[in-house]
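Numbering-wise (the working numbering), the sequence shown opens with residue 46 and increments by one.
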Amino acid sequence: MESMNKLLILAILAVIVIAILFLIRQQSTIESPKIYNATVADILKNPEKYIGNYVIVSGYLRALTIDKFAENRSEMKYLLQDNSDVIVLIFEKPPGFLTIGKRIVVKAEVILRDSTLLLRVKEYHVHTG
């Protein structure tokens, strides 16, 4: 009976040690992304700085309709244009009513997919100023 209690205590201690080591490792690997105020030009000129981080950027909302006749469908691609620079927007949730051509401000994560820079939009609003 006494040896059974010792084994139980050892097992509990091992579980506690493993849990603590796991939490320490998780804490050291979780690094919150930075948030930058940027322009589309900044992102395109220095993508290494922004990939994996968040940006707050404004520009004009543009849209491109792509007809896929072979598949009998079309898709809408949203773009953010700042001066002559353009970057593709991906909305996590389908955007509500947005007027193409309006100036918008987005908070987005900069991602690289198939060698194309994209902004994965987390939040957006129409610029009112």
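No residue lacks a Cβ here, since even glycine has one placed at the ideal position from N, Cα and C.
Bear in mind that the values here come from a model prediction, so they are computed numbers and not experimental data.
Apart from the five residues on each side of it in sequence, which residues of its chain come closer than 6 Å, Cβ to Cβ, to residue i?
{"i": "Phe67", "result": "none"}
{"i": "Leu89", "result": "Asp130"}
{"i": "Val171", "result": "Lys147, Ile149"}
Pick helix, strand or coil for residue i, following the three-state DSSP scheme.
{"i": "Leu52", "result": "helix"}
{"i": "Leu89", "result": "helix"}
{"i": "Phe67", "result": "helix"}
{"i": "Phe136", "result": "strand"}
With the cut-off set at 8 Å, would you say residue i and residue j are in Cβ contact?
{"i": "Val100", "j": "Val166", "result": "no"}
{"i": "Ala83", "j": "Tyr95", "result": "yes"}
Please name the residue in the options whose C-alpha comes closest to that of residue i.
{"i": "Met121", "options": "Glu168, Ala115, Tyr105, Ile145", "result": "Ile145"}
{"i": "Leu109", "options": "Lys138, Asn98, Leu134", "result": "Leu134"}
Give the DSSP bridge partners of residue i, in chain order.
{"i": "Val151", "result": "Val102, Tyr169"}
{"i": "Tyr123", "result": "Ala108, Leu134"}
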